[in-house]
Amino acid sequence: MSECHGHSDPAASGQYLALFQSCCTVATMNEVLGSACAGTSGSQLSALLSLHRKLLLTQEERPSSMLKGAEDSLSELSKAFSQLTIHPSHLSILAELPPNLNILLLQHSEDGSELYGAFYDMTKSPNQKGKNKQVAGTLTCSRVAKVSVCPQALLALRDRTRAFGLETRHAPIKPTCWRGAEGTPEASRECHDAARKTATEGMLGLHFREIIQDMEDYLKPLLAQFDFSCLRPQAATPPASEMTKTKDKDEKGSSAKLAAEPGECVVLLADRGLLELPLEALSILQGEGLSSVSRDFSLQLLHSRLNIEEPDKVESDNKKETKGGKGNKGKGDQSPAIKVMRVNRDLPANTFPVDIRHMKCIVDPHNEVNIEGTSLSTRVKEILESHSQHCSHLWEGCVGSRGPHSLSEMERLLCSCSAFVYLGMESFVANIPPAKLAAIDLSECRLALLFDRTQNSASVLRQRNLDMLKSAAQVELEKPPETALLLSLGGVGCIVLNQWHSTLPQNTRSMTKVLDCLLRVRLTSGQTVHVLRRGDSEVTASYEKVLREDSKEGRAPHKRTLTPAAFNCVVYGLPNLIVT
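The following block contains the structure:
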């Protein structure tokens, strides 16, 4: 289809290429769900999936009534199982997506010898050419391309990326080992530690840039066939007056429409092999005209996150809130002041709300972290209290310093949240068995912020003991793409997580900045991580008044250096969620 009609009819070719990728993603999701629910005792979902697999193996050409009954039970029980089919109206999905998205699709053929690409943007009439996209339209595929590639080249690139991930995993532990091994005075020891830390960061940075260069070389033959001029800033920017009006409104106390104005929004739809790579570091995505770069697994999965019943969302939320007054959420969640604040906030165009009243937090569930005599939960409490004017209630959560929390308590927390923040050691999935996570309906959870993949000696020992009881497939589920896929199967709208290991101070800083951008500046989920990725020096002038408290960090303009820390945090799913 791509070869025959790619040039003459890119719109149709792009539709079927997206359909092919969605089919590949469904197959991958089926494998992930099967790995998560490998046993029969993990959950009711695991038992039913096991029965379903056996019935599939024993059936002949005609499905049996027992198989149909098992599938009906699975569809009713599990949000995850319902996503393992291709939607009949897949070819209509583009018309239902927000028109401000620019979608770049990258997909290998089944044998990995061909790499296909497609670019989808908003349809423009001839008299709109060269102007900023302001008129409402629909997304359509403007270009389809294909190149032959060497499967071994991608395997080598993925191996280098995994090796880099192991380097980042071991690097934070080395200073502890050095300090324990040397009997030098404290001042001298600190000097040695600082020098070695600098050397380690330099080595990681060098390896990271080498990976980026290899990735550029691999993708360049394909990407060179596309015109990405729409991602660059326009010479003349028509909405400047609107930006001024927005800033004036902000000075009066409302920054509600600030986040949606500047820059283009890019969504990368890539296959499983490419999602292991730091795609956000591609040179075509470093332009000044971008305000958000996110990723996802397929067009159908991106569309499924929208929760199409948005027009009635506010009304249904209010009804749920009334019912929730007698539930276990309590703790002042039904404050009239919060309702008034929510109604007064107008949503920017093409954005979707996240109700701050039901945000939850999971902090150091095993109580393994102590920072200079202060527990991590105390530090997080200070961060949340600094935003008390933006959220007038204390977030409910599982905090390690309050004692051990049961698995059922964490499940209840996830089931009742509109968003949640995780800050702790090791992988988030290591704290909740994948079988349990796969069985939870997370369709009410719009945003998951995971600041994980960090270690200390206590967590390493605990994780090592746990890993001995797991199969290789179960350990694989703790990797970032698989974690994002598990949460996506449950219905989460947007997942923010680390691609590789980080340090606890870096994770804490990232969480602080992300919450600040979401709660105070009111950026979208995609814009928030983009600001985190670029640093405050890259924030446009329209943000100056809102970000003045952070101006010290961005005081000196500089060219961006591609560092691992800058590109560690990525967004899976919807980039246009905004906290209300």
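Numbering of the sequence shown is given in this note's numbering, commencing with residue 1 and proceeding in unit increments.
The beta-carbon is built from N, C-alpha and C at its ideal position, and this holds for glycine as well.
Source: prediction; values computed, not measured.
- The three-state reading of DSSP puts I211 in helix, counting H, G and I together.
- Taking C-alpha positions only, S377 is separated from L504 by approximately 13 Å.
- When the alpha-carbon of A484 is set against those of L442, L519 and A12, the nearest one is in L442.
- With fewer than 16 other beta carbons inside 10 angstroms of its own, R232 counts as exposed.
- In the DSSP annotation of this structure, the continuous segment of the beta strand (DSSP E) that includes R143 starts and ends at L139 to S148.
- Under the criterion of beta carbons closer than 8 Å, L157 and D214 qualify as touching, at roughly 5 Å.
- With fewer than 16 other Cβ atoms inside 10 Å of its own Cβ, R464 counts as exposed.
- If you draw a straight line from the Cα of A195 to the Cα of F208, it comes to about 20 Å.
- R357 counts as buried, since no fewer than 16 other beta carbons sit within 10 angstroms of its beta carbon.
- Per DSSP, the unbroken alpha helix (DSSP H) holding P434 starts and ends at P434 to A439.
- According to the DSSP secondary-structure assignment, Q499 is paired through a beta bridge with no residue.
- Looking at the DSSP output, H390 sits in no beta bridge, so it has no partner there.
- Across the set P10, S294, S75 and D516, the C-alpha of S75 shows the shortest separation from the C-alpha of Q44.
- With 16 or more other CB atoms across the displayed protein chains lying within 10 angstroms of its CB, R533 is buried.
- Counting along the chain, the unbroken alpha helix (DSSP H) around G34 starts and ends at P10 to A36.
- Inter-residue distance for E201 and S416 is about 40 Å (C-alpha atoms, whole angstroms).
- By a beta-carbon distance limit of 8 Å, L204 does not contact A153. Their separation comes to about 23 Å.
- Between N431 and P348, the beta carbon gap of about 35 Å keeps them out of contact (Cβ cut-off 8 Å).
- Apart from sequence neighbours up to five positions away, the residues of its chain that approach S113 with a beta-carbon distance below 7 Å are S148, V149 and P151, ordered along the chain.
- Nearest to I212 by C-alpha distance, out of T563, T351, I495 and F352, is T563.
- Counting only runs of 4 or more residues that sit fully inside the region 461-485, the alpha helix (DSSP H) segments are 472-476, in chain order.
- Boundaries of the beta strand (DSSP E) around F352: F352 to V354.
- Distance between V399 and L437, taken at the CA atoms: about 19 Å.
- For the options C37, S457 and K197, the alpha carbon positioned closest to that of P434 is the one of C37.
- Take R169, set aside five residues on each side of it, and the residues of its chain with a beta-carbon closer than 6 Å to its own are H501, in chain order.
- By the criterion of a C-beta distance shorter than 7 Å, M29 is surrounded in its chain by Q83, L84, L485 and L489, once the five residues flanking it on both sides are discounted.
- Taking the CA atoms as reference points, L279 sits about 33 Å from A458.
- Within the region 58-115, complete alpha helix (DSSP H) segments of at least 4 residues are found at 65-77, 79-82 and 93-96, given in chain order.
- If you look at I383, you'll find it in the alpha helix (DSSP H) that goes L376 to E385.
- Cβ contact annotation for P98 (same chain, cutoff 7 Å, sequence separation greater than five): N350 and N576, in chain order.
- Judged by DSSP in its simplified three-state form, E276 adopts helix.
- The beta carbons of I495 and A448 sit closer together than 8 Å.
- In the DSSP assignment, K360 forms a beta bridge with E396 and F420.
- In this chain, S294 is not harboured by any alpha helix (DSSP H); it is covered by the beta strand (DSSP E) spanning L290 to D296.
- In its chain, beyond the 5 residues on either side, C361 and L449 have a beta carbon closer than 6 Å to the beta carbon of V421.
- DSSP places C415 inside the alpha helix (DSSP H), whose first and last residues are L407 to C415.
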